[in-house]
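J.: Below are the structure tokens for one structure; questions will follow.
Protein chains in written order, with our numbering: chain A, 2 to 114; chain B, 7 to 119.
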């Protein structure tokens, strides 16, 4: 079993839809959770960062972490064509100078005008 | 622009050859991470350096090596290249001891023919 599982999609939605992206993980030591957005031929760009369980909101984006279920989600409200990208979840069991991210394979999202 | 600079952007080389990828971290960032991204494996952590010292090792082959120089730039050396080494190689950097986020460069696309 992979440490981090992410549905690769592809996911296609109309503009304005609510998008839900999810990852599950097996390592209970993970405590730092991130979502990255990667446009084609570009490097991953950090969207959201959450420590431990709970919700975090930033504009149209909401990240949720449920450590008891080992499940994290990213919700995108009022999705826009510019949100079309691959979304990667990432996790780490430690911070500071021993930081190492384990990534999901990414979900390809297309938002149609 | 993340502030992380990678050169070259593209590299085409033959099997058996050796190449060097270069990364300049964001100003002030002490940690540099190297990742390999392929279609089937996703983003795989290779190695991390912190202020010139190796801090963590991931799925890095023995044919690959890296180092971080006193000016904090880093180089990833890939030798005895095989077709399967064709991938995107990303460098990321983060600041100091209290890491909250890592910023990625645009990547080097390596094609081995």
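We treat Cβ as the ideally placed atom computed from N, Cα and C, and that holds for glycine. What you are looking at is a predicted structure, and each value in this text was computed from that prediction instead of being measured.
Note down, in chain order, each residue of its chain lying with its Cβ closer than 7 Å to the Cβ of residue 5/A, except the 5 sequence neighbours on either side.
T.: By 1-based counting over the first chain, the position of residue 5/A is 4. Cβ neighbours of residue 5/A beyond the five flanking positions: 24, 26, 90, 92, 103, 104 and 105.
J.: Quick check on the DSSP output: the beta strand (DSSP E) that includes residue 63/B runs from which residue to which?
T.: Taking the second chain and counting its residues from 1, one reaches residue 63/B at position 57. 59-63 is the span of the beta strand (DSSP E), which, as asked, contains residue 63/B.
J.: Please check if any C-beta of chain B sits within less than 9 Å of the C-beta of residue 45/A.
T.: Here residue 45/A corresponds to residue number 44 of the first chain, with the count starting at 1. Judged by the 9 Å Cβ criterion, residue 45/A is in contact with chain B.
J.: Taking 9 Å as the CB-CB cut-off, is residue 76/A touching chain B?
T.: Position 75 of the first chain, counting from 1, holds the residue named residue 76/A. Not closer than 9 Å to any Cβ of chain B, the Cβ of residue 76/A fails to qualify, so no.
J.: If you scan the stretch 29-79 of chain B from start to end, which runs of the beta strand (DSSP E) of 3 or more residues do you find wholly inside it?
T.: As far as the stretch 29-79 of chain B is concerned, its whole beta strand (DSSP E) runs of at least 3 residues are 37-44, 48-56, 59-63 and 70-74.
J.: Say whether the stretch 21-29 of chain B touches the stretch 79-97 of chain B, bearing in mind that this needs 3 or more beta-carbon pairs closer than 8 Å, one atom from each stretch.
T.: Touching, per the Cβ criterion.
J.: Taking the C-alpha atoms as reference points, what is the distance between residue 32/B and residue 108/B?
T.: The residue given as residue 32/B occupies position 26 in the second chain. The residue given as residue 108/B occupies position 102 in the second chain. Answer to the nearest angstrom: the Cα atoms are 10 Å apart.
J.: Looking at the C-beta of residue 38/B, does it have a partner C-beta in chain A at a distance below 9 Å?
T.: Here residue 38/B refers to the residue found at position 32 when the second chain is read from its first residue. Not an interface residue.
J.: Of the choices 85/A, 94/A and 101/A, whose alpha-carbon is the least far from that of residue 77/A?
T.: Position 76 of the first chain, counting from 1, holds the residue named residue 77/A. Minimum Cα distance to residue 77/A is reached at 85/A.
J.: Considering only C-alpha positions, which residue in the set 71/B, 75/B and 89/B is nearest to residue 83/B?
T.: Here residue 83/B is taken as the residue at index 77 of the second chain, counted from 1. When only C-alpha atoms are compared, the closest one is 71/B.
J.: Runs of 4 residues minimum, wholly inside the stretch 21-95 of chain A: which ones carry the alpha helix (DSSP H) assignment?
T.: Fully enclosed alpha helix (DSSP H) runs of 4 or longer: not present.
J.: So residue 88/B is in the beta strand (DSSP E); what residue range does that whole segment cover?
T.: Residue mapping note: residue 88/B aligns to position 82 of the second chain, counting from 1. Run containing residue 88/B: none; DSSP gives neither H nor E here.
J.: Is there a Cβ from chain B that is less than 9 Å from the Cβ of residue 103/A?
T.: Walking along the first chain from the start, residue 103/A turns up at place 102. Closer than 9 Å: yes.
J.: For the stretch 38-53 of chain B, list every residue whose C-beta sits within 7 Å of some C-beta in chain A, in sequence order.
T.: So the list reads 48, 49 and 51, given in the order they occur along the chain.
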